[in-house]
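Peer 1: Let me give you the structure first, and then I'll get to my questions.
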Amino acid sequence: MNVRSLSIGMLAAVMATAVGGAALAQDSVGAPPEQTHFKVSSYKPMSHDAATAKALERFNDDRYSMFIHWGIYAQAGGVIRGKRYYGASEWLMSNSKTPSAEYLELAKDFNPVDFDARAWMKTMKAAGFRYMVITAKHHDGFAMFKSAASPHNIVDGTRFGRDPLKELAEAAKAEGIGLGFYYSQYQDWTEPNGGGNTWEFDPKKADFEEYFNRKVVPQVTELLTNYGPVREIWFDTPGPMPAEYSRRLRDLVKKLQPGCLLNSRIGNDLGDYTSPSDSEIPPASLVQGGDWESVFTHNRSWGYSAFDNDFKSTNTLIRLLATSASRGGNFMLNMGPDGRGRFPDGAQKRLLAVGAWLKVNGDSIYGTTRSPLPQTPWGVATQKGSRLYLHVLDRPADGVVRAPGLTEPVTKVSLLAGGGALRFKQDAGGLSVTLPAGTAPSDDLVVVVETQTPVAARRDQGIVLSRAYGRQPLDVADATLSPGVKLDAIKTQLSVDDLRKFYTPVGLDDPSKSVSWTVQVEQAGDYHIDLEYSATKAQAGHEGTVEVGDQKRSFGVIETGAIERRKPTFLTFQPVGILHFDKPGRYQVSLRPQASGQELFALRTLYLTPAN
Ligand code: JFZ
45 MNVRSLSIGM
55 LAAVMATAVG
65 GAALAQDSVG
75 APPEQTHFKV
85 SSYKPMSHDA
95 ATAKALERFN
105 DDRYSMFIHW
115 GIYAQAGGVI
125 RGKRYYGASE
135 WLMSNSKTPS
145 AEYLELAKDF
155 NPVDFDARAW
165 MKTMKAAGFR
175 YMVITAKHHD
185 GFAMFKSAAS
195 PHNIVDGTRF
205 GRDPLKELAE
215 AAKAEGIGLG
225 FYYSQYQDWT
235 EPNGGGNTWE
245 FDPKKADFEE
255 YFNRKVVPQV
265 TELLTNYGPV
275 REIWFDTPGP
285 MPAEYSRRLR
295 DLVKKLQPGC
305 LLNSRIGNDL
315 GDYTSPSDSE
325 IPPASLVQGG
335 DWESVFTHNR
345 SWGYSAFDND
355 FKSTNTLIRL
365 LATSASRGGN
375 FMLNMGPDGR
385 GRFPDGAQKR
395 LLAVGAWLKV
405 NGDSIYGTTR
415 SPLPQTPWGV
425 ATQKGSRLYL
435 HVLDRPADGV
445 VRAPGLTEPV
455 TKVSLLAGGG
465 ALRFKQDAGG
475 LSVTLPAGTA
485 PSDDLVVVVE
495 TQTPVAARRD
505 QGIVLSRAYG
515 RQPLDVADAT
525 LSPGVKLDAI
535 KTQLSVDDLR
545 KFYTPVGLDD
555 PSKSVSWTVQ
565 VEQAGDYHID
575 LEYSATKAQA
585 GHEGTVEVGD
595 QKRSFGVIET
605 GAIERRKPTF
615 LTFQPVGILH
625 FDKPGRYQVS
635 LRPQASGQEL
645 FALRTLYLTP
655 AN
């Protein structure tokens, strides 16, 4: 499975579109309801104060963390009044338009007697997580900790009567796992003055300032005062919250714990690091050395869902982790414990399998920096000083893994999992490593390349194309765009609970404008071209060309349908023709419209597949 196609988000967040009310002419994530194109997030380095910079160093060393969505919604498990709600179970109250008083009844039955903080921490430790972030308060407003600011908290509002965050803070300290809290600062559906509950309260009458002062400020203060050192506060869905509130939250957190990190969902560009969209690893070319943390959930819901057992395989999880690390970011994997406080078995066994892989291969993840290499068909790389780790996620048909252009003298090549030195060849063209015959197929075979001097960055030397693989993607996000063409992100609904994000060029409306990729062709030969795009009725019949040198292959655009928010975008996969590469080396592949005045289409990817 390709990491690029993993984009499991959820319906709920984009569905939660407010109707009427000027302040709410945006959804929970802060976008107007009909918006389909979004600004591309920045992954550039920022400047930080000393305490934040120090905390970010540890953050980047950690690389792998656990996200936990746990609240009274776990008691319902996605079912209310006998009806199942697919997708994100923590959105049950909103999806079912349940009034506060009825929803809060769930608290009466919530009694997670199997909750065992020490056992959770032992599992996390065995799974290889370095820190964890748990929902202290999600959009339903119910606090999972003792709070003087609201009676809707687990200690005062359930017969369970214990404070799980207190127990987790102690157990985390004992096991050496970092502690972080998720806090929904804007949406609070059981508060008339909070954001998001449009089925019960009138947003025009909401006094957000009152809510913010009475609940948010005191609760964030409690979280940063009563539980020891907190690694990060993970704010979420700022919606239309004015900058003043993000600023006040930031100042409050930094005053109480200067080393506590803030994610970008604090809103208004006031975070310390970037949270990409849910279930997104930023494209390699967008990452420019800034700090970020991807969040994915293990199945299709963040909170516990009684009928969702679609857990990502161990192999997929390792790919996501290695890919995040190779782009210099963290991977935070979510799981929703059930109403008794247990991790679902389907999640637990796969987390432990990733942990077993990390026991052997952890050196290639923890404490690494992003790959110095361009896109390669066999997988991704990470780096630690003069050690380069090649994560062979897909085995080459000829058993040879190549790193073109790697010219720093290599002293040794071996498998991280052990065994003798591997055979390698190094010349002006780069490094080739022969994988040992008969190695059992594994999730991610890590090859360690030791060099005399650290391998220097050569990310822009071109996407490597190899005949030892099938279809190889040239994504728009990794292209060079000519002047007048800009990159946009499109968020669209792939299925009921699958929010998909892809990048597309905007302004491709004249033959002088183009999208182009540098490729490094390993062996001479023919390659088939296919285009993956979406096009409206008005775009049908437009013509474009794909060019390499004086080879020009033209194509006509077909209609796939308009891109609409809350609906799947259909992307066609259209064959175009064959390109021939005479000899190994570097080439420029470009795509441009043939006529001016009209946007060609919404392109996602150009694929090249070896042809015979
Ligand atoms: C939010 C929450 O609404 C959801 O319940 C969960 O906690 C998740 C981690 O975060 O949902 C979002 C937030 C942002 C985007 C999508 C869903 N986004 O930027 O595309």
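So for the sequence shown, the numbering used here puts the first residue at 45; every next one is plus one.
Yeah, the Cβ is synthetic: ideal placement off N, Cα and C, and Gly gets one too.
Just so you know, these numbers come straight off a predicted model, no measurement behind them.
Under 6 Å from any heavy atom of ligand 1, does the C-beta of T281 make it?
Peer 2: yes
Peer 1: According to the neighbour-count rule (16 or more other Cβ atoms, all chains shown, within 10 Å of its Cβ), is R30 buried or exposed?
Peer 2: Since the first residue of the chain shown is 45 and the last is 656, residue 30 is not available in this structure.
Peer 1: With DSSP collapsed to three states, give me the class of V261.
Peer 2: Helix at V261.
Peer 1: Quick check on the burial criterion: 16 or more other C-beta atoms within 10 angstroms. Buried or exposed for T269?
Peer 2: exposed
Peer 1: Given a threshold of 16 other Cβ atoms within 10 Å of its Cβ, counted over all protein chains shown, does P302 qualify as buried or as exposed?
Peer 2: Counting the other Cβ atoms within 10 Å of the Cβ of P302 gives fewer than 16, which makes it exposed.
Peer 1: Hey, out of D522, M176, K581, whose CA is closest to M376's CA?
Peer 2: M176
Peer 1: Assess, as a yes-or-no matter, whether the stretch 367 to 375 is touched by the stretch 480 to 499 under the definition of 3 or more beta carbon pairs within less than 8 Å.
Peer 2: no
Peer 1: Look at the alpha carbon of G423 and the alpha carbon of D153, and state the distance between them as a whole number of angstroms.
Peer 2: Roughly 48 Å separates the two Cα atoms.
Peer 1: If you measure between the beta carbons of L267 and F225, is that distance less than 7 Å?
Peer 2: yes
Peer 1: Where do the ends of the alpha helix (DSSP H) carrying L509 lie?
Peer 2: In the DSSP assignment, L509 falls outside any alpha helix (DSSP H) and lies within the beta strand (DSSP E) extending over 507 to 509.
Peer 1: By Cβ distance, which residues of its chain are closer than 6 Å to Q332, with the 5 residues on each side in sequence left out?
Peer 2: Y87, K88
Peer 1: In the DSSP output, what is A646 paired with across the bridge?
Peer 2: The partner list for A646 (beta bridge, DSSP) reads S578.
Peer 1: If the criterion is Cβ atoms closer than 7 Å, does the pair G383 and Q119 meet it?
Peer 2: yes
Peer 1: Do you know whose CA, among P416, M379, G482, K259, lies nearest F186's CA?
Peer 2: K259
Peer 1: Restricting to Cα atoms, I'd like to know which of D488, Y230, D200, M188 is closest to K210.
Peer 2: M188
Peer 1: Please determine, among G449, K530, P480, the residue with the shortest C-alpha to C-alpha distance to V563.
Peer 2: G449
Peer 1: How is the alpha helix (DSSP H) around Y255 delimited, first residue to last?
Peer 2: 252 to 255
Peer 1: Quick check on the DSSP output: the alpha helix (DSSP H) that includes F225 runs from which residue to which?
Peer 2: Premise fails: F225 lies in the beta strand (DSSP E), 222 to 228, not in any alpha helix (DSSP H).
Peer 1: How many angstroms separate the CA atom of P654 from the CA atom of N343?
Peer 2: 35 Å
Peer 1: Expressed to the nearest angstrom, what Euclidean distance is found between the alpha-carbon atoms of K83 and Q642?
Peer 2: Answer to the nearest angstrom: the Cα atoms are 22 Å apart.
Peer 1: Distance check for A287 and A250, CA to CA, integer angstroms please.
Peer 2: C-alpha separation (whole angstroms): 18 Å.
Peer 1: Throw me the rounded Cβ distance for the L652 and L509 pair, which I believe falls under 8 Å.
Peer 2: 6 Å
Peer 1: Could you name each continuous beta strand (DSSP E) segment of 3 residues or more that falls completely within the stretch 510 to 569, going from the start of the chain to the end?
Peer 2: 516 to 519, 530 to 539, 542 to 550, 559 to 565
Peer 1: Is E603 helix, strand or coil by DSSP?
Peer 2: coil
Peer 1: According to DSSP, simplified to helix, strand and coil, what is T451?
Peer 2: Residue state for T451 is assigned as coil, using DSSP reduced to three classes.
Peer 1: Measuring CB atoms only, is the stretch 572 to 579 touching the stretch 610 to 625, in the sense that at least three cross pairs come out at less than 8 Å?
Peer 2: yes
Peer 1: Going by beta carbon distance, what residues of the same chain come within less than 6 Å of K403, once the five residues before and after it are set aside?
Peer 2: Scanning its chain for C-beta atoms nearer than 6 Å, with the 5 sequence neighbours on each side dropped, one finds no residue around K403.
Peer 1: Determine the direct distance from the alpha carbon of R439 to that of L148, and round the result to whole angstroms.
Peer 2: 52 Å
Peer 1: Tell me where the beta strand (DSSP E) around W114 begins and ends.
Peer 2: Judged by DSSP secondary structure, W114 falls outside any beta strand (DSSP E); it is assigned neither H nor E.
Peer 1: Just verifying my parser: in three-state terms, what is the DSSP assignment at S598?
Peer 2: S598 falls in the strand class under three-state DSSP.
Peer 1: Are W336 and T318 close, meaning C-beta to C-beta below 7 Å?
Peer 2: Their beta carbons are under 7 Å apart, which means W336 touches T318 by this criterion.
Peer 1: Could you tell me whether the Cβ atoms of K181 and S228 are closer together than 7 Å?
Peer 2: For K181 and S228, yes; Cβs fall inside 7 Å.
Peer 1: Is any heavy atom in ligand 1 found nearer than 6 Å to the beta carbon of S321?
Peer 2: yes
Peer 1: Under a three-way DSSP split, which group does Y317 fall into?
Peer 2: strand
Peer 1: Once DSSP output is grouped into helix, strand and coil, what is the label at W401?
Peer 2: Helix at W401.
Peer 1: G473 to L489, Cα distance in whole Å?
Peer 2: 24 Å
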